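If you read the first sequence in the numbering used here, its first letter stands for residue 11, the second for the next number, and so on.
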Amino acid sequence: MPELPEVETVVQGLLPAISGRLIENVIINRPNLRWPFPLDMKERLEGNVVLNVRRRSKYVLVDLSRGETMILHLGMSGRVLIHKLGYEKSEKNMYFNKPSVEKHDHVIFDFEDKTRVVYNDPRRFGAIDLCRSVELNKHKMMSNLGIEPLSNQFNADFLVDNFKYRKTSVKSALLNQKYVCGLGNIYVCEALWHSGISPLKLAGSVKRKQLELLTLAIRKVLKEAIESGGSSLNDFKNTAGELGYFQHNFKVYDREGNNCKTKGCDSKIEKIVQSGRSTFFCNKCQR
DNA sequence: CGTACGACCTGCCCGC
DNA sequence: TGCGGGCAGGTCGTAC
11 MPELPEVETV VQGLLPAISG RLIENVIINR PNLRWPFPLD MKERLEGNVV LNVRRRSKYV
71 LVDLSRGETM ILHLGMSGRV LIHKLGYEKS EKNMYFNKPS VEKHDHVIFD FEDKTRVVYN
131 DPRRFGAIDL CRSVELNKHK MMSNLGIEPL SNQFNADFLV DNFKYRKTSV KSALLNQKYV
191 CGLGNIYVCE ALWHSGISPL KLAGSVKRKQ LELLTLAIRK VLKEAIESGG SSLNDFKNTA
251 GELGYFQHNF KVYDREGNNC KTKGCDSKIE KIVQSGRSTF FCNKCQR
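Following this line, the structure appears as structure tokens:
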């Protein structure tokens with residue numbers, strides 16, 4: 011589910027809901043996700059006011075008033091949902107809205123104003139950690155991240171410099187978070203189609219002109235996905251539990267055997283496996 | 001160092 | 001209807 015646009019959607023949902031709010035109670039339903047939770051996580055979280063919620067790569071960063079930042083990763087299947095506890099009106103009467111705890115609701119954050127944030131992650135590839143805010147950049151999960159694809163530094167020059175001599179495929183190079191971060195399997199496939207680059211090409215052999223098209227395509231695809239509220243396959247939901255709509259715009263991802271969407275192209279989308287992950291592309295439009 | 005690959009998990013879908 | 005196999009948005013550790 012969660013590549014950069016989905017994480018951005020989560021951040022945009024969380025920011026107005028919890029910034030300035032006091033964390034009153036944290037319910038931790040298991041000892042770990044991908045890794046054990048940090049020591050004394052409950053105590054270190056409770057009593058903080060949320061100063062800010064932001065994104066770095068595919069990580070959600072929650073800055074806290076006592077000087078720590080909570081780092082949250084959604085892995086493959088992580089979700090964040092926001093509820094409002096308390097009395098609500100229905101047509102006939104008032105009722106107390108207390109959502110039941112669902113399967114895989116691993117951590118629940120209750121705020122003083124009755125906002126509830128739920129972290130749900132069936133596959134548990136996600137992670138939660140705490141780190142002194144001033145040392146965030148040194149954190150293991152942050153220190154090897156490349157530049158943000160929506161930043162100004164991300165341009166053709168940057169890709170030329172970083173892909174030079176790389177023997178791996180351009181697809182794998184884009185999935186590697188140490189050059190450009192935040193891209194995942196879906197948006198890499200999509201951006202390569204938009205820029206007409208074969209995913210099989212070696213990163214170091216892609217011409218500058220094509221890398222220029224690639225930077226534009228990456229920007230475009232990410233921005234459009236963010237605008238449509240995050241995409242992803244079957245069932246990405248934003249923090250209000252609503253579906254994103256970008257999946258209707260996929261040109262290649264999960265479209266094996268379907269017609270290429272380039273005007274006048276009569277080719278079918280192919281699926282191959284590269285470094286263990288599915289790649290979807292048009293063998294005619296992408297060279 | 002760069003690169004390739006298995007491992008970590010659950011759920012779902014497909015074919016038999 | 002049940003069961004086994006394969007596959008899924010990501011990333012890390014290990015081996016070469």
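In this text, a Cβ means the ideal position worked out from N, Cα and C, and glycines have one as well. Keep in mind that this is a model prediction, so the values were computed, not measured.
Cα-Cα separation, residue i to residue j
i	j	result
residue 77	residue 70	16 Å
residue 74	residue 83	17 Å
residue 213	residue 187	14 Å
residue 138	residue 273	45 Å
residue 172	residue 182	13 Å
residue 245	residue 12	Residue confidence for residue 245 is low, a pLDDT of 44 falling below 50, so the modelled location carries little weight; the figure read from the coordinates is stated next. Approximately 11 Å, taken between the alpha carbons.
residue 29	residue 195	31 Å
residue 119	residue 37	7 Å
residue 44	residue 287	20 Å
residue 89	residue 130	5 Å
residue 127	residue 218	45 Å
residue 133	residue 86	7 Å
residue 262	residue 185	17 Å
residue 93	residue 123	11 Å
residue 201	residue 150	28 Å
residue 115	residue 270	40 Å
residue 113	residue 209	38 Å
residue 41	residue 65	25 Å
residue 34	residue 109	18 Å
residue 162	residue 232	15 Å
residue 165	residue 174	14 Å
residue 48	residue 18	24 Å
residue 57	residue 32	6 Å
residue 81	residue 50	15 Å
residue 141	residue 52	14 Å
residue 235	residue 216	26 Å
residue 136	residue 180	26 Å
residue 121	residue 60	10 Å
residue 292	residue 275	9 Å
residue 206	residue 225	12 Å
residue 79	residue 143	5 Å
residue 294	residue 152	38 Å
residue 67	residue 96	35 Å
residue 211	residue 237	30 Å
Three-way DSSP call (helix, strand, coil) for residue i in this model
i	result
residue 290	strand
residue 104	strand
residue 96	strand
residue 229	helix
residue 134	coil
residue 147	helix
residue 261	coil
residue 212	strand
residue 297	coil
residue 91	strand
residue 237	helix
residue 222	helix
residue 153	coil
residue 205	helix
Beta-bridge partners of residue i, as assigned by DSSP
i	result
residue 141	79
residue 119	36, 127
residue 71	64, 81
residue 200	None; residue 200 has no bridge partner.
residue 279	According to DSSP, which records beta bridges pairwise, residue 279 is partnered with nothing at all.
residue 269	278
residue 284	287
The ligand NAD heavy atom lying under 7 Å from the CB of residue i
i	result
residue 153	Only the bare structure without any ligand can be found here, which leaves the ligand NAD out of the picture.
- [ ] Would you check if the stretch 278–290 and the stretch 259–270 touch, i.e. whether three or more CB-CB distances between them fall below 8 Å?
- [x] yes
Open item on the list: What ranges does the alpha helix (DSSP H) occupy inside the stretch 157–198, keeping only unbroken runs of at least 4 residues that lie completely in it?
Closed with: 166–173, 180–185
- [ ] Please go through the stretch 15–63 and give each complete alpha helix (DSSP H) segment of 4 or more residues, from N-terminal end onward.
- [x] 51–55
Open item on the list: Quick check: the stretch 97–107 against the stretch 20–36, are at least 3 beta-carbon pairs closer than 8 Å?
Closed with: no
- [ ] Examine the Cβ distances between the stretch 147–165 and the stretch 190–206 and report whether three or more of them are shorter than 8 Å.
- [x] yes
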